[in-house]
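I have placed the structure first, in the form of C-alpha cells, so that the comments after it can refer back to it.
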Amino acid sequence: MTNFVFSTTRTIINEPGSARRLASICEEQGARSVLLVTDPGIMQVGLLDEALPGFAKAGITLTLFKDVEADPADSTVQAAAAQARVAKADYVVGFGGGSSMDVAKLVALLAHPECKQPLSEMYGVGNVRGERLPLLQVPTTAGTGSEVTPISIVTTGETTKAGVVSPILQPDIALLDAELTTGLPAHVTAATGIDAMVHAIEAYTSAHKKNPVSDMLAKEGLRLLSSNLMTAVNEGHNLEARSNMLLGALYAGQAFANAPVAAVHALAYPLGGHFHIPHGLSNSLVLPYVMRFNAENADAAALYAELAPYIMGADTPEGSAESVSEALIVWLENRIKETGLPTRLQDANIPKDAIPLLASEAMLQTRLLVNNPREVTEADALAIYTAAY
Ligand SMILES: NC(=O)c1ccc[n+]([C@@H]2O[C@H](COP(=O)([O-])OP(=O)(O)OC[C@H]3O[C@@H](n4cnc5c(N)ncnc54)[C@H](O)[C@@H]3O)[C@@H](O)[C@H]2O)c1
Ligand SMILES: [Fe+2]
C-alpha cells in the first residue's frame, strides 16, 4: 500500500458548447464583477464572441484583460491584477492556453482584498499566504492542464521562468469545451499535445510523489493523447479527437499536479526563456534525448516500458524493458516528426554556442530536477542539449 495525498480541481464540466453558458455559470457561483483574462489571439479568432454578451444579461460587470503574451511576464500579471482591483472583481476567469490561465491564477491571489503579499515573495513551492478570489478556468489548448494544477509559470526579468506552486492556486472549476479547440492551428495542436504527453510521462516516472491515482491518470491520459494527436493535427475540426485531447490533457494535468514533472521541463524552460520557443515545442525538442538519458537507469527504463502499450498500442514490441523503452523513444521521435514540428535545436534557430548557458540555467530548475528518475548534472545537461542539437 502506498501512502499518498491527491488533490484536484473540485468541479469539472466537460461539454462541447458549454463556454456559451460562461456568464450563467459565473452567476450561479455568485459572481457580481468578473475579471476575465485572455490573450489577443483568442480575441482575434472570436472564441469569446458568443460568451461575452451573457454577462450584461446576467447583470454581471465584466472586465476584460486581453493582453496576455505567450510565456507571460510578471509585469503582465501585475497589470491584470491592477485592473481587477480597480474593477473590484469578485471572480476571476482564465480563458485561453496555459499563459492566460496561469496569469488568471495569480490575479485571483493578488486581487483578493486581503492580499498583502507581493508577487516576488510567492515564487517557489508552498510560499503563498492568504486567500484568493474564486477561479474558473477555460482551456483553449489541449496542453498545459493548468485548469487542474496548483502551478503558475511566469517569466521573471528578461529570460528566467519561475513557478508559483501552492494548493491555494488549484482552480475551483475547469470548463472543458472542445468546440473552442477545433480551430487551433496544427503546429499549436502538435506542440501543446506533446506538452500534455510529457506531463503524463514525467508524472509516471516522478521520483517522490508518484502514486496509484497519478499513475492511472497518466496511463489513460497517454492513451487518449497518443491515439488522437495525429487526427487532431490533421483534421482540426474532428470534435471527437479534440474532446479526447482536451480530456487527455486534463488527466495528464491531474497526474503531474500530484506527481510533479522533471528534467524534460527543466531543460525546456531555458529554451523558452532565451529564444521564445513555445513551451510545448521546447519540451518536444528535448523529450527523446532526456528519455534516452533516463533510460540508462534500469528503474526508469522499466517505467517507460510499462507506459509503452498506452502510447504505442498495437505497435508495442515484445522484449526487455530496455528494448521496449528504446522502441517507445523511437516511436515518439517518429510522431513528433510526423506532426511537422522541428525536431532539432538547430532547426529551431538556436545557436550552438548557447548550449553551455542553457545547461547552466537548466540547473537552476531544482524544483523540477529533484523529481527526475536519474540525477542530472550540468555535464549531463550539456550532453543532452548537444545530442538534441
Ligand atoms: N500551470 C501549469 O501547470 C503549466 C504547465 C505547463 C505549461 N505552463 C505554461 O503555459 C504556457 C503555455 O501555454 P500553452 O502551450 O497553452 O500556450 P499559450 O497559452 O501561450 O497559447 C499559445 C498561442 O495559441 C493561441 N491559441 C490558444 N488557444 C487557441 C485556439 N483555441 N484557437 C486559436 N488559437 C489559440 C494563443 O492565442 C497563443 O497565441 C507557458 O507559459 C508555460 O510555461 C503552465
Ligand atoms: Fe508543460
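Numbering (our numbering), first residue to last: 1 to 389.
Quick reminder that beta carbons are idealized off the backbone N, C-alpha and C, glycines included.
- In this chain, the alpha helix (DSSP H) harbouring V77 covers 74–86.
- Annotation for P212: T2, F4 place their beta carbon closer than 8 Å to its own, counting only its chain and skipping 5 residues before and after.
- When the five nearest sequence neighbours on each side are left out, the beta carbons in the same chain lying within less than 7 Å of the beta carbon of A178 are those of P16, L239, R242, S243, L246, in order along the chain.
- For the set A381, L285, L357, the Cα lying nearest the Cα of I336 is the one of L285.
- Under the rule that a run must span 3 or more residues, no beta strand (DSSP E) segment is found entirely inside the stretch 230–311.
- For the pair L169 and T155, the CB atoms are not nearer than the 9 Å cut-off.
- Classified as exposed, N334 has fewer than 16 neighbouring CB atoms from the shown chains inside 10 Å of its CB.
- Non-local beta-carbon contacts of N14 in its own chain, meaning distances under 7 Å to residues more than five positions away in sequence, involve L176, L247 in chain order.
- Linking S227 to L62 through their CA atoms gives a straight-line distance of about 39 Å.
- CA-CA distance, A301 to A308, rounds to 10 Å.
- In its chain, beyond the 5 residues on either side, D172, I173, A174 have a beta carbon closer than 8 Å to the beta carbon of T11.
- With a cut-off of 8 Å, the C-beta of D172 is classified as distant from ligand 1, since no heavy atom of the ligand falls inside that distance.
- In the three-state DSSP reduction, Y385 falls in the helix class (H, G or I).
- Relative to P134, the option among I151, T141, M122, V107 whose CA is nearest is V107.
- A distance criterion of 8 Å places the beta-carbon of A259 beyond contact range of ligand 1, judged by its closest non-hydrogen atom.
- A residue is called buried when at least 16 other Cβ atoms come within 10 angstroms of its Cβ; Q254 meets this threshold and is buried.
- Residue pairing from DSSP places G96 in a beta bridge opposite P139.
- Minimum Cα-Cα distance from G340 among the listed residues D299, E361, L303, A186 corresponds to A186.
- The beta carbons of L358 and L271 sit closer together than 9 Å.
- In this structure, V290 lies near I384, with their beta-carbon atoms less than 9 Å apart.
- Take S7, set aside five residues on each side of it, and the residues of its chain with a beta-carbon closer than 8 Å to its own are P150, P167, Q170, A257, N258, in chain order.
- If you draw a 10 Å sphere on the C-beta of L52, you find fewer than 16 other C-beta atoms in it, and that means exposed.
- Minimum Cα-Cα distance from I60 among the listed residues G130, G30, P288, G145 corresponds to G30.
- No heavy atom of ligand 2 is found nearer than 8 Å to the CB of D71.
- Our two residues, A321 and Y310, have alpha carbons roughly 15 Å apart in a direct line.
- Boundaries of the alpha helix (DSSP H) around L369: 366–369.
- For S152, the uninterrupted beta strand (DSSP E) segment begins and ends at 151–156.
- Burial of S282 is indicated by the presence of at least 16 other C-beta atoms within 10 angstroms of its C-beta.
- Relative to ligand 1, the beta carbon of L184 is positioned inside 8 Å of a heavy atom.
- Burial state of K57 is exposed, judged by a 10 Å Cβ sphere holding fewer than 16 other Cβ atoms.
- In the DSSP assignment, N334 falls within the unbroken alpha helix (DSSP H) covering 321–339.
- Taking C-beta separations shorter than 6 Å and ignoring five residues to either side along the sequence, the partners of E220 in its chain run Y251, following chain order.
- DSSP places T316 in the coil class of the three-state scheme, outside both helix and strand.
- The three-state reading of DSSP puts N372 in coil, since its state is none of H, G, I, E or B.
- Straight-line spacing of the CA atoms in Q137 and N297 works out to 38 Å.
- Cβ atoms of S33 and D102 stay farther apart than 8 Å, at about 22 Å.
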